[in-house]
Amino acid sequence: MFQATAPASTTSTHEANSSSGGSTVQRSKSFSLKAQVKETCTACQKTVYPMERLVADKFVFHNACFCCKHCNTKLSLGSYAALHGEFYCKPHFQQLFKSKGNYDEGFGRKQHKELWVHKEVESGTKTA
1 MFQATAPAST
11 TSTHEANSSS
21 GGSTVQRSKS
31 FSLKAQVKET
41 CTACQKTVYP
51 MERLVADKFV
61 FHNACFCCKH
71 CNTKLSLGSY
81 AALHGEFYCK
91 PHFQQLFKSK
101 GNYDEGFGRK
111 QHKELWVHKE
121 VESGTKTA
(Lines of atoms letter the chains of each structure in order from A and count residues from 1; the text may use other names and numbers.)
(Lines give C-alpha, C1' and ligand atoms only; values in the text may rest on other atoms or scores of the structure.)
Protein backbone atom coordinates (compact mmCIF):
# COMPACT_ATOMS: atom_id res chain seq x y z
CA MET A 1 0.00 0.00 0.00
CA PHE A 2 2.59 2.50 1.09
CA GLN A 3 5.82 2.78 -0.80
CA ALA A 4 8.77 4.59 0.60
CA THR A 5 10.17 7.07 -1.85
CA ALA A 6 13.86 7.70 -1.62
CA PRO A 7 15.32 11.06 -2.53
CA ALA A 8 16.88 11.29 -5.98
CA SER A 9 20.39 11.63 -4.56
CA THR A 10 21.13 8.54 -2.47
CA THR A 11 24.77 9.23 -1.67
CA SER A 12 25.74 8.78 1.97
CA THR A 13 27.42 11.51 3.95
CA HIS A 14 30.70 9.62 3.83
CA GLU A 15 30.57 9.43 0.04
CA ALA A 16 29.66 13.10 -0.15
CA ASN A 17 32.62 14.03 2.03
CA SER A 18 35.03 11.91 0.01
CA SER A 19 33.76 13.24 -3.30
CA SER A 20 34.25 16.82 -2.21
CA GLY A 21 37.98 16.32 -1.97
CA GLY A 22 38.40 16.14 1.83
CA SER A 23 38.16 12.93 3.79
CA THR A 24 36.88 14.36 7.05
CA VAL A 25 34.97 12.01 9.31
CA GLN A 26 32.31 13.43 11.58
CA ARG A 27 32.13 11.86 15.05
CA SER A 28 29.44 12.32 17.58
CA LYS A 29 30.05 14.92 20.24
CA SER A 30 29.78 12.35 23.02
CA PHE A 31 32.75 10.42 21.62
CA SER A 32 35.99 11.52 23.18
CA LEU A 33 39.53 10.23 22.93
CA LYS A 34 40.40 11.58 26.36
CA ALA A 35 40.98 9.03 29.08
CA GLN A 36 38.16 8.86 31.59
CA VAL A 37 39.07 10.18 35.04
CA LYS A 38 38.86 7.35 37.55
CA GLU A 39 36.71 8.28 40.52
CA THR A 40 37.33 6.74 43.91
CA CYS A 41 34.75 5.88 46.55
CA THR A 42 34.82 8.17 49.57
CA ALA A 43 34.25 5.24 51.94
CA CYS A 44 36.54 2.48 50.62
CA GLN A 45 38.94 4.45 48.37
CA LYS A 46 38.48 1.97 45.47
CA THR A 47 37.63 2.81 41.86
CA VAL A 48 33.96 3.55 41.20
CA TYR A 49 32.63 2.49 37.82
CA PRO A 50 29.68 4.34 36.26
CA MET A 51 27.12 1.55 36.85
CA GLU A 52 27.76 1.47 40.60
CA ARG A 53 28.27 5.23 41.08
CA LEU A 54 26.20 7.18 43.60
CA VAL A 55 26.75 10.89 44.39
CA ALA A 56 25.53 12.39 47.65
CA ASP A 57 26.49 15.92 48.75
CA LYS A 58 29.24 15.98 46.09
CA PHE A 59 30.82 12.78 47.48
CA VAL A 60 31.10 9.71 45.24
CA PHE A 61 30.25 6.27 46.65
CA HIS A 62 29.65 2.71 45.54
CA ASN A 63 26.00 1.74 46.05
CA ALA A 64 27.06 -0.78 48.70
CA CYS A 65 29.40 1.65 50.53
CA PHE A 66 26.77 4.35 51.10
CA CYS A 67 25.86 3.38 54.68
CA CYS A 68 24.78 4.99 57.96
CA LYS A 69 27.76 5.85 60.17
CA HIS A 70 25.90 4.74 63.30
CA CYS A 71 24.24 1.44 62.29
CA ASN A 72 25.82 0.63 58.88
CA THR A 73 22.39 0.35 57.22
CA LYS A 74 22.55 0.78 53.45
CA LEU A 75 21.29 4.24 52.52
CA SER A 76 19.59 5.60 49.43
CA LEU A 77 19.38 9.15 48.15
CA GLY A 78 15.95 9.54 49.74
CA SER A 79 16.77 8.02 53.11
CA TYR A 80 19.85 9.82 54.37
CA ALA A 81 20.74 12.92 56.33
CA ALA A 82 24.21 14.47 56.29
CA LEU A 83 26.01 16.49 58.91
CA HIS A 84 29.64 17.67 58.67
CA GLY A 85 30.41 15.18 55.88
CA GLU A 86 29.01 12.19 57.78
CA PHE A 87 25.96 10.30 56.53
CA TYR A 88 23.22 8.86 58.75
CA CYS A 89 19.88 7.15 58.27
CA LYS A 90 17.04 9.52 59.15
CA PRO A 91 15.98 7.75 62.40
CA HIS A 92 19.50 7.82 63.84
CA PHE A 93 20.05 11.39 62.70
CA GLN A 94 16.97 12.46 64.67
CA GLN A 95 17.93 10.32 67.64
CA LEU A 96 21.50 11.58 67.80
CA PHE A 97 21.14 15.25 66.92
CA LYS A 98 17.70 16.74 66.48
CA SER A 99 16.32 15.75 69.87
CA LYS A 100 19.21 17.56 71.60
CA GLY A 101 18.84 20.68 69.51
CA ASN A 102 22.60 21.01 69.38
CA TYR A 103 24.36 20.00 66.19
CA ASP A 104 27.86 20.58 67.62
CA GLU A 105 27.57 18.28 70.62
CA GLY A 106 29.58 15.11 70.21
CA PHE A 107 31.83 16.45 67.46
CA GLY A 108 34.54 17.96 69.65
CA ARG A 109 33.67 21.49 68.60
CA LYS A 110 33.02 24.48 70.80
CA GLN A 111 29.39 24.90 71.53
CA HIS A 112 27.74 28.08 70.31
CA LYS A 113 26.81 28.99 73.87
CA GLU A 114 30.50 29.22 74.81
CA LEU A 115 31.18 31.44 71.82
CA TRP A 116 28.35 33.82 72.80
CA VAL A 117 29.57 34.05 76.41
CA HIS A 118 33.07 34.81 75.15
CA LYS A 119 31.75 37.64 72.91
CA GLU A 120 29.63 39.08 75.74
CA VAL A 121 32.65 39.20 78.04
CA GLU A 122 34.74 40.95 75.37
CA SER A 123 32.02 43.50 74.63
CA GLY A 124 31.43 44.10 78.37
CA THR A 125 35.10 44.84 79.06
CA LYS A 126 35.38 47.24 76.12
CA THR A 127 32.42 49.37 77.24
CA ALA A 128 33.57 49.64 80.85
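Each step along the sequence shown adds one to the number in full-length UniProt numbering, with nothing skipped, and position 41 is 41.
The beta-carbon is built from N, C-alpha and C at its ideal position, and this holds for glycine as well.
Keep in mind that this is a model prediction, so the values were computed, not measured.
- Looking from the CA of Met51, the closest CA among Glu86, Val37, Lys74 and Asn63 belongs to Asn63.
- Burial check for Thr47: the Cβ neighbour count within 10 Å stays below 16, so the residue is exposed.
- For Phe61, the closest C-alpha among the options Cys68, Lys74, Ala43 and Lys69 is that of Ala43.
- For Asp57, the closest alpha carbon among the candidates Lys38, His84, Trp116 and Glu122 is that of His84.
- Using a Cβ distance threshold of 9 Å, Phe66 and Ser76 count as a contacting pair.
- Rounded to the nearest whole angstrom, the CA to CA distance from Glu122 to Gln94 is 35 Å.
- Residues Cys89 and His92 of the same chain have their beta carbon placed closer than 8 Å to that of Cys71, with the five preceding and five following residues left out of the count.
- The Cβ-Cβ distance between Tyr49 and Cys68 does not fall below 9 Å.
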